[in-house]
Amino acid sequence: MAENSLPSHSRRMEAGHRLSVLVPRPLDGPLDYRSDRPLAPGTLVRVPLGRQELTGCVWDSQPTHLPADFRPSSRGRVIAFEKLRSITGVLEHVPPLPDDLRQFIDWVAAYGLSAPGMVLAIALRVPAQAGSMKPAMGWVRKPGPLPDKVRLTPARRAVLAALESRSPSSTAMLSEASGASAAVIRGLANAGLLEECLMEASSPAEQADPDHAPPVLSEEQAEAAEALVAGVEERVFTVTLLEGVTGSGKTEVYFEAVAACLKQGRQVLVLLPEIVLTAQWTDRFERRFGIRPAVWHSELGQKTRRETWCAIAEGRQQVVVGARSALFLPFANLGLVVVDEEHENTYKQEEGVLYHGRDMAIVRARLVQAAVILVSATPSMETLVNVQKGRFRHEVLEARHGTAQMPEISLIDMKAHGPERGQFLSPLLCESIEERMKAGEQSMLFLNRRGYAPMTICRACGHRLQCPHCSAWMVEHRRRRILACHHCEYTQPLISSCSDCGAQDSLVPIGPGVERIHEEAQARFPDARLLSMASDTLTSPAAMEEAVRKISSREVDLIIGTQVVAKGWHFPDLTLVGVVDADLGLGGGDLRAAERTMQLLHQVAGRAGRGTKPGQVMLQSYAGDHPVMKALLANDFISFMEQEAAQRRPGFWPPYGRLAAVIVSAPKERQAEELARLLALHAPRGEGIQVLGPAPAPLALLRDRYRYRLLLRTRRDIALQPLLRRWLDGAPRRNDARIDVDVDPVSFM
415 MAENSLPSHS RRMEAGHRLS VLVPRPLDGP LDYRSDRPLA PGTLVRVPLG
465 RQELTGCVWD SQPTHLPADF RPSSRGRVIA FEKLRSITGV LEHVPPLPDD
515 LRQFIDWVAA YGLSAPGMVL AIALRVPAQA GSMKPAMGWV RKPGPLPDKV
565 RLTPARRAVL AALESRSPSS TAMLSEASGA SAAVIRGLAN AGLLEECLME
615 ASSPAEQADP DHAPPVLSEE QAEAAEALVA GVEERVFTVT LLEGVTGSGK
665 TEVYFEAVAA CLKQGRQVLV LLPEIVLTAQ WTDRFERRFG IRPAVWHSEL
715 GQKTRRETWC AIAEGRQQVV VGARSALFLP FANLGLVVVD EEHENTYKQE
765 EGVLYHGRDM AIVRARLVQA AVILVSATPS METLVNVQKG RFRHEVLEAR
815 HGTAQMPEIS LIDMKAHGPE RGQFLSPLLC ESIEERMKAG EQSMLFLNRR
865 GYAPMTICRA CGHRLQCPHC SAWMVEHRRR RILACHHCEY TQPLISSCSD
915 CGAQDSLVPI GPGVERIHEE AQARFPDARL LSMASDTLTS PAAMEEAVRK
965 ISSREVDLII GTQVVAKGWH FPDLTLVGVV DADLGLGGGD LRAAERTMQL
1015 LHQVAGRAGR GTKPGQVMLQ SYAGDHPVMK ALLANDFISF MEQEAAQRRP
1065 GFWPPYGRLA AVIVSAPKER QAEELARLLA LHAPRGEGIQ VLGPAPAPLA
1115 LLRDRYRYRL LLRTRRDIAL QPLLRRWLDG APRRNDARID VDVDPVSFM
């Protein structure tokens, strides 16, 4: 293993070629291997590592494209050439990883202090699948006369006839065209009539038509679209925030930039915060451009993933819409990146390789001089500060599209108009729902809490049911008849007696989840057609597509959902939104709690009144004086964000400073605490640098590991990565203890 290159005179004495190969393992950098021929960086190869054989990538010797502060120090010993292990094969039929993707992998690893091999693993999920990238083989008619004694049955004749119209053809294609079985086709090959050959190169994917169905834009929309198109046509790296009220037609506006990029022959990547949103988005894309785009997310089958990956790498696929992992696809000619709902916290990868999809999308685009469009009705404070400082351009849509008006927002004081004991819906809200149903309109109840109840308590002894592996309450899911931990996914069947005191039938659910609200709504509105929309009930894009179809075709009167209902949906007949617990999310010590709640409630409120009928939003709250509630009632998002900025600026909290979380975990609490305290003793110090902690993490036990947190906070002009690297390189280590780093944390759990 080596991170240094041998002197040139030593290389001349070597028989063969020394290659740096990055493998998908948590190592400091590439490993050296021997090859009998030179291979260009980006080539995918099979290499031995221990007793395993892995797919790796021939890597660049030095990441000169990284800022000096990001470059890891060069260390490690050089292994003599004769002791190097040889690569075992080259993936000849797999496109190489392009230069910009390799640079991006280095950048993500250096920025987040992740092992570069683990970042590479994200990009290699398709080609590394065993046998998944083998070249497609087909059959052709073997030249020459028929061999003697070959009997041509009707099935065999049908196969030969099918080959006359398309040759070569795969076994599946021939079987479908001729009706013959695979055994008949193999029999023809054994008889000497067919021979196998490499299938022809894949044909180009169906091309989107930029002029298929241009929209009729308002004057305000047209001005914004013209600015976005100009940014694409410049063919240089730019970032533009497209801010617009909910229902202002932001998607149609940035589609014009997509059309401009397609006319240049360049590729487009659109990121969505949730894969369940892809169904409605792709429908809108197809209406505008005539075809459906490629989709990329974890629910795709292996064959679709392989075909899509290759089409993108070869430049045949023009438009890709997907989750944050789509950033690691091998684009051949990327010209535009769109981050829709850029404020969403789901863009942050919280496990494994930690990165923020929005921020890394900007990095990916900068490496290829592509344009970036960030889209939101409630932009993040980070993005707004970049606009204020002139780093990002800014386009604003202040009016809803067409005749639609912004909904009227009112607050229900739950202290004065609360529900009956054991109920959670205010009589005022229920009366409004009944009025909407009588008028033939649709309503929505929003509660950002899955399951039936967030806590179960024993009324005999006061015991609370807790996850045995985490410091979290077990959540009752009555439909599935289980108790579940939403942090480690541990589940157990519902129980009838207290696990602590043994009392029978003493367990009581505390608080509501969406299942409990659904139960209450069924009792209050027995004639209503209800639909639940939560990640527990809609587990795939197909399930979400069916739910959207039912709502759009007026088969639903009342929608009950979690945060999945707040993102981008357009239901013209939905006129009332009721927020069951508007205060949820405001508590705790989360830096962004108020900002996040404001964004979520503003977004869910924006689902109402998007058609020709006026909309109404009702917020059930016990904290009507909170700044979030006041800002929502005044429909004044910008003033609220200015207040938030004024609170963060003096203490250089993000985005006015830099923040990194250092999480120490161990199987025993004492181990985690001791290592965290030792880390604190060696923490960096200086002007503009502060280390907070250590302290038990809010989620102090997670998956049987005790957790302590330290927070490194610096001024904006101080680079975090060198500080972290020096601090952690000299940090003491303990058996079974682990130190994880989260640069720019979003969650503080």
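So the sequence shown is numbered by our numbering: it starts at 415 and just counts up by one. All C-beta atoms in this analysis are idealised placements derived from N, C-alpha and C, irrespective of residue type, glycine included.
Report whether the distance from the Cβ of residue i to the nearest heavy atom of the ligand GTP is below 6 Å.
i	result
Ser-790	As far as ligands go, the structure on display features none, and thus does not contain the ligand GTP.
Let's see if you can read the secondary structure: which residues bound the alpha helix (DSSP H) around residue i?
i	result
Gln-1030	Premise fails: Gln-1030 lies in the beta strand (DSSP E), 1030-1035, not in any alpha helix (DSSP H).
Ile-705	Neither: Ile-705 is in no alpha helix (DSSP H) and is coded neither H nor E.
His-831	828-831
Gln-1017	1007-1019
Gln-681	First-last for Gln-681: 681-685, but that is the beta strand (DSSP E), not the alpha helix (DSSP H).
Gln-517	513-526
Glu-578	568-579
Quick one: using the 10 Å Cβ neighbour count with 16 as the cut-off for buried, is residue i buried or exposed?
i	result
Arg-1147	exposed
Ser-1161	exposed
Arg-867	Inspection of the sequence shows that residue 867 is occupied by Ala rather than by Arg. So Ala-867 counts as buried.
Ile-909	exposed
His-831	exposed
Ile-931	buried
Ile-1052	exposed
Ala-544	Because the pLDDT at Ala-544 is just 43, under 50, the model does not fix this residue reliably, and the value given afterwards should be weighed accordingly. Counting Cβ neighbours within 10 Å, Ala-544 comes out exposed, since fewer than 16 surround it.
His-891	buried
Gln-1061	exposed
Cys-881	buried
Ala-586	exposed
Pro-907	exposed
Arg-425	With a pLDDT of 42 at Arg-425, under the threshold of 50, the predicted position of this residue should be treated as unreliable, and no value is reported.
Lys-1082	exposed
His-815	buried
Glu-657	buried
Ala-1151	buried
Gly-1071	buried
Pro-926	buried
Ala-597	exposed
Cys-915	exposed
Gln-1013	buried
Arg-466	For the sequence presented, residue 466 should be read as Gln rather than Arg. Flag for Gln-466 reads exposed.
Asp-520	buried
Could you check where the beta strand (DSSP E) with residue i kicks off and where it finishes?
i	result
Glu-809	807-811
Cys-881	Where Cys-881 is concerned, there is no enclosing beta strand (DSSP E), given that its DSSP letter is neither H nor E.
His-891	889-891
Gln-856	856-860
Asp-1156	1152-1157
Glu-657	652-658
Gly-431	Gly is not the amino acid found at residue 431; the sequence shown has His there. Looking at the DSSP string, the run of the beta strand (DSSP E) that includes His-431 is 431-436.
Ala-898	896-898
Gly-869	The displayed chain sequence assigns Met, not Gly, to residue 869. Residues 869-872.
Ile-924	921-924
Thr-907	For the record, residue 907 in the displayed sequence is Pro; it is not Thr. Pro-907 -> beta strand (DSSP E) spans 905-907.
Which whole-angstrom value is the C-beta distance of residue i and residue j, which I expect to be below 8 Å?
i	j	result
Ala-1145	Leu-1093	6 Å
Val-962	Val-1018	So it is not a contact: roughly 16 Å between Cβ atoms.
Glu-764	Ala-641	Not confirmed; about 34 Å, so no contact.
Val-1155	Leu-527	5 Å
Thr-654	Phe-806	6 Å
Give a yes or no on whether 7 Å exceeds the smallest Cβ distance from residue i to chain B.
i	result
Val-733	The displayed structure is made up of one protein chain only, and chain B is not part of it.
Q: Check whether the region 753-773 touches the region 792-805, counting contact only when three or more Cβ pairs, one atom from each stretch, lie closer than 8 Å.
A: yes
Q: Entirely within the region 588-614 and at least 3 residues each: give me those beta strand (DSSP E) ranges in chain order.
A: 608-612
**Q.** Entirely enclosed alpha helix (DSSP H) segments - the region 1029-1094, minimum 4 residues
**A.** 1041-1048, 1051-1062
Q. Could you give the uninterrupted runs of the alpha helix (DSSP H) lying entirely in the region 934-998, keeping only those of 4 residues or more?
A. 955-966
**Q.** Within the region 1092-1143, ranges of the beta strand (DSSP E) (whole runs, at least 3 residues)
**A.** As for any beta strand (DSSP E) of minimum length 3 sitting wholly inside the region 1092-1143, the runs are 1103-1116, 1119-1129, ordered along the chain.
Q. Pairing CB atoms from the region 994-1013 with CB atoms from the region 1024-1038, are three or more of them under 8 Å?
A. Touching, yes, given that three or more Cβ pairs across the two stretches are closer than 8 Å.
Q.
Just to confirm the assignment: which complete alpha helix (DSSP H) runs, minimum length 4, are found wholly within the region 724-806?
A. DSSP runs (the alpha helix (DSSP H)) wholly in the region 724-806: 771-781, 795-802.
Q.
Quick check: the region 728-736 against the region 669-689, are at least 3 beta-carbon pairs closer than 8 Å?
A. Put simply, the region 669-689 touches the region 728-736. At least three CB pairs are less than 8 Å apart.
Q) Between the region 966-986 and the region 843-857, do at least 3 Cβ pairs fall closer than 8 Å? A) yes
Q | Completely contained beta strand (DSSP E) runs for the region 439-469, where each covers 3 or more residues | A | 445-449, 458-463
Q) Are at least three pairs of beta-carbons, each pair with one atom in the region 456-473 and one in the region 551-561, less than 8 Å apart? A) No, the region 456-473 is not in contact with the region 551-561.
Q.
Check whether the region 1096-1103 and the region 1111-1122 are in contact - that is, three or more C-beta pairs closer than 8 Å.
A. no
Q.
Can you confirm whether the region 655-669 touches the region 1012-1029 when touching is taken to mean that 3 or more C-beta pairs between the two stretches lie within less than 8 Å?
A. yes
**Q.** Segment contact, 8 Å Cβ cut-off, at least three pairs: the region 672-681 with the region 818-833
**A.** no
Q.
If contact is defined by three or more beta carbon pairs under 8 Å, each pair taking one atom from either stretch, is the region 622-630 in contact with the region 701-708?
A. yes
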